[in-house]
Every structure is written in structure tokens, then in C-alpha cells.
Amino acid sequence: MLMTIGGVIFALILGAIALVTKRSWLLKFTLSAVAVWFAFYAAMLLGFSLTCSEQVLAVGEAKEYCGFYLDCHMHTALTGVRTSKTIGDRSANGTFYIANIKVFSDAKNSQINLHLIEPKARVVLANRDKISRDEAAEASLPSASVRLDQDITNYQTIEKEIVFDVPATTASPRLLITEGYGIDKSIEHVLVGDEDSLFHAQTFFELKEQNETVSVK
Numbered sequence: 038m039l040m041t042i043g044g045v046i047f048a049l050i051l052g053a054i055a056l057v058t059k060r061s062w063l064l065k066f067t068l069s070a071v072a073v074w075f076a077f078y079a080a081m082l083l084g085f086s087l088t089c090s091e092q093v094l095a096v097g098e099a100k101e102y103c104g105f106y107l108d109c110h111m112h113t114a115l116t117g118v119r120t121s122k123t124i125g126d127r128s129a130n131g132t133f134y135i136a137n138i139k140v141f142s143d144a145k146n147s148q149i150n151l152h153l154i155e156p157k158a159r160v161v162l163a164n165r166d167k168i169s170r171d172e173a174a175e176a177s178l179p180s181a182s183v184r185l186d187q188d189i190t191n192y193q194t195i196e197k198e199i200v201f202d203v204p205a206t207t208a209s210p211r212l213l214i215t216e217g218y219g220i221d222k223s224i225e226h227v228l229v230g231d232e233d234s235l236f237h238a239q240t241f242f243e244l245k246e247q248n249e250t251v252s253v254k
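The working numbering puts the first residue of the sequence shown at 38, with every later residue one more than the last.
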């Protein structure tokens, strides 16, 4: 991506020079080089996406988030799962899945504040339907005031329980946590190897009930 941006800027400069100096051969050469590079980039983008496969992380395994800036410091991990028919005064239509999420960074610079950018969590069913968080049920839990997008520094962590009302007949639900917004998402669609790039497979968490929380790997 960085090479492409730099190459486009260089090509614009060469194109301007070609137009000013009326060197048609230079303009044709520049346009041809740009076309070849974009064809190569498209092949790389689709090649990486179509040859990757979905990953399902077990409880305690961490997922990293890189985004356009390629810092790859932010992580989430599912550290525990429990189920219940009721939370406070709310009753589930199916079963409440209560997932304990840990957010952490492996950045070495303790002066930098980092956070997930608009994190979004959904449960994905076998038919690809998605279930959003039940924030009304989450409001009854001890971690209700905690946000997944809070700033953290160095080795600080965030832990929050999030809730989903999953149909009782659902087999093997999976949790998907993504982050990003606006221009970041648009750029990541064409970022080679990024989870949000076109046709790229996603990384899920296995949403399976645990008797107790586990350490993050």
C-alpha cells in the first residue's frame, strides 16, 4: 500500500513533466507502468484473500488488529463464556451468552495511549446471520461502565462482559470482533492481507461455555 501511494505520487510528477515538456513517450511509459502495477496489486490482493481460510480462536487465544497504520499493537481475547436464561430482570428469548472480553496492547512505549477504534462485536450463526450485543442486559452486569474502546497504555488491560441473546437451537455460535470506521475501513478493503480486505476470511472466537476464565495466550 505504501509503495502504491508513493508510486502514484511519483507517476503524477512524471505525468506532469511529460505534459509540460510534450514528451508523449514519457506519458505512455508512465501510464503503462501504473497500469502494470495496479494489475499486479489487484492480483496480490485477490490472491491473498482467496487463499486464506477462516480461523476460530479458542478461549484464551488473542486476536490482533493492525488496520491501515499497521501498528498491530491492539489485541482482544475471549477469556471466559457463561450462559444464563436471565440477567437481572431480563429473560432471554433463547439463551444469554455472556462473553468476558479482554483488551490489551503489546506496545512497548508507555507514553502512547492506544485504543480499539469503534469495536463491533457480533455473534455469527451457521447460516451467516449476525446477532448484535444486548446492551440492555449488559447494563445489569458489574462491568457495565467499562467500554471496549477506552484508552490504555503499556500493559494496562480492559475487561468487559458482553451479552448476546442467542437462539436456543443454535449450534456452535462464533464471536466476531472487528474495529475501524470510515476512511480506515475503506482503505483496509484494498490492503493486502488485512482481515477487512475484499473476500478475505475472518477470524472468530469459539463461543463455548467455560466453567472459569483462563489466561490469555
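Ideal placement from N, C-alpha and C gives every residue a C-beta, glycine not left out.
None of the values given here were measured: they were computed from a predicted structure.
Residue burial classification, residue i (beta-carbon count within 10 angstroms, cutoff 16)
{"i": "residue 153", "result": "buried"}
{"i": "residue 40", "result": "exposed"}
{"i": "residue 134", "result": "buried"}
{"i": "residue 241", "result": "buried"}
{"i": "residue 123", "result": "exposed"}
{"i": "residue 111", "result": "buried"}
{"i": "residue 168", "result": "buried"}
{"i": "residue 232", "result": "buried"}
{"i": "residue 166", "result": "exposed"}
{"i": "residue 211", "result": "buried"}
{"i": "residue 192", "result": "exposed"}
Assigned secondary structure, residue i (DSSP; H/G/I helix, E/B strand, else coil)
{"i": "residue 57", "result": "helix"}
{"i": "residue 254", "result": "Residue placement at residue 254 cannot be trusted, given a pLDDT of 49 that sits under 50; the coordinates are not used to answer."}
{"i": "residue 144", "result": "coil"}
{"i": "residue 134", "result": "strand"}
{"i": "residue 83", "result": "helix"}
{"i": "residue 128", "result": "strand"}
{"i": "residue 76", "result": "helix"}
{"i": "residue 160", "result": "strand"}
{"i": "residue 228", "result": "coil"}
{"i": "residue 207", "result": "coil"}
{"i": "residue 94", "result": "strand"}
{"i": "residue 235", "result": "coil"}
{"i": "residue 213", "result": "strand"}
Endpoints, the beta strand (DSSP E) within which residue i is located
{"i": "residue 202", "result": "194-203"}
{"i": "residue 243", "result": "240-243"}
{"i": "residue 114", "result": "111-124"}
{"i": "residue 168", "result": "167-169"}
{"i": "residue 176", "result": "Note, residue 176: premise wrong, no beta strand (DSSP E); not H, not E."}
{"i": "residue 154", "result": "No beta strand (DSSP E) holds residue 154; DSSP gives it neither H nor E."}
Residue i and residue j closer than 8 Å at C-beta
{"i": "residue 138", "j": "residue 199", "result": "yes"}
{"i": "residue 247", "j": "residue 140", "result": "no"}
{"i": "residue 188", "j": "residue 151", "result": "yes"}
{"i": "residue 194", "j": "residue 147", "result": "no"}
{"i": "residue 127", "j": "residue 174", "result": "yes"}
{"i": "residue 225", "j": "residue 219", "result": "no"}
{"i": "residue 170", "j": "residue 181", "result": "no"}
{"i": "residue 136", "j": "residue 118", "result": "yes"}
Distance between beta carbons of residue j and residue i, contact taken as under 8 Å
{"i": "residue 86", "j": "residue 235", "result": "6 Å"}
{"i": "residue 54", "j": "residue 63", "result": "7 Å"}
{"i": "residue 113", "j": "residue 214", "result": "5 Å"}
{"i": "residue 44", "j": "residue 74", "result": "6 Å"}
{"i": "residue 221", "j": "residue 129", "result": "In fact, because the Cβ distance is near 34 Å, the residues do not count as touching under 8 Å."}
{"i": "residue 93", "j": "residue 243", "result": "5 Å"}
Span of the alpha helix (DSSP H) around residue i
{"i": "residue 101", "result": "From DSSP, residue 101 is part of no alpha helix (DSSP H) but of the beta strand (DSSP E) over 99-102."}
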